[in-house]
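So the structure is just underneath, and the comments pick up after that.
There are 2 protein chains.
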Amino acid sequence: MSIQARRARERAERERLIVTAARELAESEGWDAVTTRRLAEEIEYSQPVLYSHFKGKDAIMAAVAVEGFADLADELRAARGAVADPRKALAAVGAAYALFAERRPALYDAMFTHAVDLPFATAEAPPALREAFGELLETVRPLVRDDDLETLTETFWSGLHGLVTLMRNGRLRHADHERRLALLISRFSG
Amino acid sequence: MSIQARRARERAERERLIVTAARELAESEGWDAVTTRRLAEEIEYSQPVLYSHFKGKDAIMAAVAVEGFADLADELRAARGAVADPRKALAAVGAAYALFAERRPALYDAMFTHAVDLPFATAEAPPALREAFGELLETVRPLVRDDDLETLTETFWSGLHGLVTLMRNGRLRHADHERRLALLISRFSG
DNA sequence: CTCTCCTTGCTAGCGCTGCTAGATACGGGA
DNA sequence: TCCCGTATCTAGCAGCGCTAGCAAGGAGAG
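Have a look at this one:
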């Protein structure tokens, strides 16, 4: 029994190793550099080992994305907890969100641009995803009057997501980033 | 002289053929189906011909994206022109934007998800891109007091873009799409 | 302690991708 | 009619995600 336990443990460790390697490689050289051959070399195993852990490359990226959502949730929670006033909390969380996307573009891409088949707005969504959205939800809650909390949060989130993605693709003037962010937050503070 | 003119004309026609084929193939079967071999077969020429017109596949996608921006500009202009009241115009343009993204997802992807190296918020941006943004700008203009027209337009645009992209990737509950759109517009109408 | 079996990871290769070098055929100008 | 430049094609390269089938290792039975 304990032999199987050890094997299961080692397997789990190697799975974490794969996800971590994929994430670090993507963050340092971009997702184009994350090929199955390169990834296999990085973890010092052969290619087919990857497929004994994940269905395919997409599944590895999805696993990285889930990690990303956990990180995002952490950062949003920290930002929200640091400020007492609800309006300032909204601003802090919005800024934290934008900063996350700016500092970890590859991770953000995995979370939103790739990994489309990750279940999200359903009951089967991984806990990390629900948690990240939950942080936004709790930030918006004190500011909403009616019962449209979820809808309002989704809309605010869309605003943030639009800002950071258009920004990253050079669609917006780089200089006015802070002003756009402040403007978005002000429109959702009332 | 006229021989060269004819040749140049034929060349231009074939270039249009390539872009149109790429666009139709992407819209009917998705961008994954748009391979250089498939595209060559579609236009009834060999693969290398594509490279005598465009630097690579990305350049073809960028050309499709520019066409997309022209289409988007047309639809936004029509929506804006159909309504006199500025607030209703904002709603109409916002709805037209969302409808464009919903009805032509492959085209929207080419414009925003792919074709990242397309110059946008600079002087070198293709006219179609400036025109599409200009439509949003003119829609927002009557509603703005201060001199933050560009920043406000960019922020509103980000909101729309965020809504449609998160929506398309299953990140938002499908049912409340209209309410989110209305909410975004209301926040930018005041 | 030895033998057997099963698990585990490897080598090799398939069909595809974007892209290009070199050969070929075609058509205008002398 | 011949020549030459251009335009186009055939064939192939390196790399991709993924997998079939083989070899080696350790666990369990006698």
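If you read the sequences in order, they're chains A and B. Heads up: the first sequence begins at 1 in this note's numbering, then just goes up one per residue. Heads up: the second sequence begins at 1001 in this note's numbering, then just goes up one per residue. Using N, Cα and C, we set each Cβ at its ideal position, and we do this for glycine too.
Query, Result
"Closer than 7 Å to chain A by CB, residue 1154 of chain B", "yes"
"Of the listed residues B/1173, B/1088, B/1004, nearest to residue 133 of chain A (C-alpha basis)", "B/1173"
"Members of the segment 1049–1074 of chain B near chain A, C-beta cut-off 9 Å", "none"
"Residue interval of the alpha helix (DSSP H) (run including residue 165 of chain A)", "149–168"
"Three-state class that DSSP yields for residue 189 of chain A in the structure shown", "coil"
"Status (buried if at least 16 other CB within 10 Å, exposed otherwise) for residue 1158 of chain B", "buried"
"Residue 19 of chain A to residue 1161 of chain B span [Cα, whole Å]", "30 Å"
"Close beta carbons around residue 970 of chain B, own chain, < 7 Å, minus the five adjacent residues each side", "For residue 970 of chain B there is no data in the structure shown, the boundaries of chain B being 1001 and 1190."
"Cβ-based contacts, 8 Å cut-off: residues of the segment 1176–1188 of chain B near chain A", "1176, 1179, 1180, 1183, 1184, 1187, 1188"
"Straight-line Cα distance separating residue 1143 of chain B from residue 1047 of chain B", "51 Å"
"Neighbourhood of residue 1034 of chain B by C-beta, 6 Å cutoff - its chain only, sequence neighbours within 5 removed", "1022, 1025, 1026"
"Reference residue 102 of chain A; option with closest CA among A/5, A/150, A/145, A/164", "A/164"
"Length-filtered (4 minimum) alpha helix (DSSP H) runs lying within the segment 1054–1108 of chain B", "1057–1081, 1086–1103, 1105–1108"
"Rounded separation between residue 1154 of chain B and residue 180 of chain A - CA only", "7 Å"
"Beta-carbon gap between residue 104 of chain A and residue 93 of chain A smaller than 7 Å", "no"
"Neighbour-count burial assignment, residue 1171 of chain B, 16 or more Cβ in a 10 Å radius", "buried"
"Neighbourhood of residue 106 of chain A by C-beta distance below 7 Å, restricted to the same chain and skipping five residues each side", "26, 27, 30, 31"
"Closest residue to residue 121 of chain A among B/1062, B/1167, B/1036 (Cα-Cα distance)", "B/1167"
"Closer than 6 Å: residue 122 of chain A CB and nearest the ligand GDP heavy atom", "The model depicted lacks the ligand GDP and carries no ligand whatsoever."
"Proximal chain A residues relative to residue 1112 of chain B, where beta-carbon distance stays under 9 Å", "165, 166, 169, 171"
"Residue 1160 of chain B: contacting residues in chain A (beta-carbon distance under 8 Å)", "162"
"Contact with chain A by residue 1140 of chain B, beta-carbon distance below 7 Å", "no"
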